[in-house]
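So the sequence shown is residues 62 to 249, counted in our numbering.
Structure first, then comments.
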Amino acid sequence: YTPHPLSSQWSPFPVSTMMEDPLVSVILPFFNGKKFLEQTIDSILAQTYQHFELLIIDDGSTDNSISIIKEYESNDKIQLITQSRKGLNRCNNVALSIAHGKYVVRLDADDYFLPNALERMVQVLEDNLDIALVFPDYHLVDLDGVIIHSVRRHNFENDVTLYDQPAHGACTMIRRSVIKNIGGYDES
């Protein structure tokens with residue numbers, strides 16, 4: 062991969078000086094994501110929980126998505142990496158290799174977070190040290206942002222286990238140490 066000239070391989074949040082709020086690494090991989098990319102990035106930047114870094118990985122886009130990213134080049138929370146088309150899991154592993162957060166969460170370029178998403182997921186993981194990951198319910202929306210269907214996950218304490226209802230990839234927050242211990246994302 063190649064770090065984009067708009068940023069370098071550094072984080073404004075050195076591990077040794079992290080505040081009491083744990084850093085979250087938000088991974089935003091995309092290929093030709095121009096249509097919704099601005100809304101996605103804005104939803105991340107508007108979080109009530111602001112202790113995060115945003116790692117954006119352009120996987121060889123040809124739709125001029127980079128023009129959207131350039132609008133955010135002055136934001137020091139954002140790091141852009143460009144690479145030739147290698148696929149989603151390679152993007153995730155590239156981001157994981159430079160992530161500094163205690164927690165990692167991926168958001169796809171056609172998704173967006175509600176304003177308190179990071180705050181709620183961090184709180185669950187901070188309050189439950191025996192839990193490795195957490196993921197939210199979600200909504201399907203039309204092109205105007207109108208909710209057309211809500212997907213509610215079960216109550217895991219009473220109804221099902223993780224094996225019955227596996228986590229979905231996007232929007233799942235996981236402890237970085239756990240995903241690194243299992244070798245990252247499967248690229249096969």
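Virtual Cβ for every residue (Gly too), placed ideally from N, Cα, C.
- DSSP places T101 outside any beta strand (DSSP E); the residue lies instead in the alpha helix (DSSP H), whose first and last residues are 95-106.
- In the three-state reduction of the DSSP assignment, R146 falls in the coil class.
- Distance check between M234 and each of E134, L186, L116 places L186 closest, using alpha-carbon atoms only.
- Its chain contains E99 as the residues whose beta carbon lies nearer than 8 Å to that of E132, once the 5 sequence neighbours on both sides are disregarded; these appear in chain order.
- Residue environment analysis places L157 among the buried positions, since at least 16 neighbouring C-beta atoms fall within 10 angstroms of its C-beta.
- Residue nearest to F174 within the set A231, G121, L194 is A231 (criterion: CA-CA distance).
- Using a Cβ-Cβ distance cut-off of 8 Å, the stretch 81-92 and the stretch 163-181 are in contact, since at least three pairs of beta carbons, one from each stretch, lie closer than that value.
- The stretch 177-197 makes no contact with the stretch 117-124, as fewer than three CB pairs between them are under 8 Å.
- Residue pairing by DSSP places F196 opposite no residue, since no beta bridge is assigned to it.
- If you ignore the 5 residues before and after L89, its C-beta comes within less than 6 Å of the C-beta of I117, L168, all in its own chain and listed in chain order.
- Considering only N177, D205, S128, K138, the residue with the shortest C-alpha distance to G94 is S128.
- Judged by DSSP secondary structure, I129 falls within the alpha helix (DSSP H) whose first and last residues are 127-131.
- For the pair F91 and A170, the CB atoms are nearer than the 9 Å cut-off.
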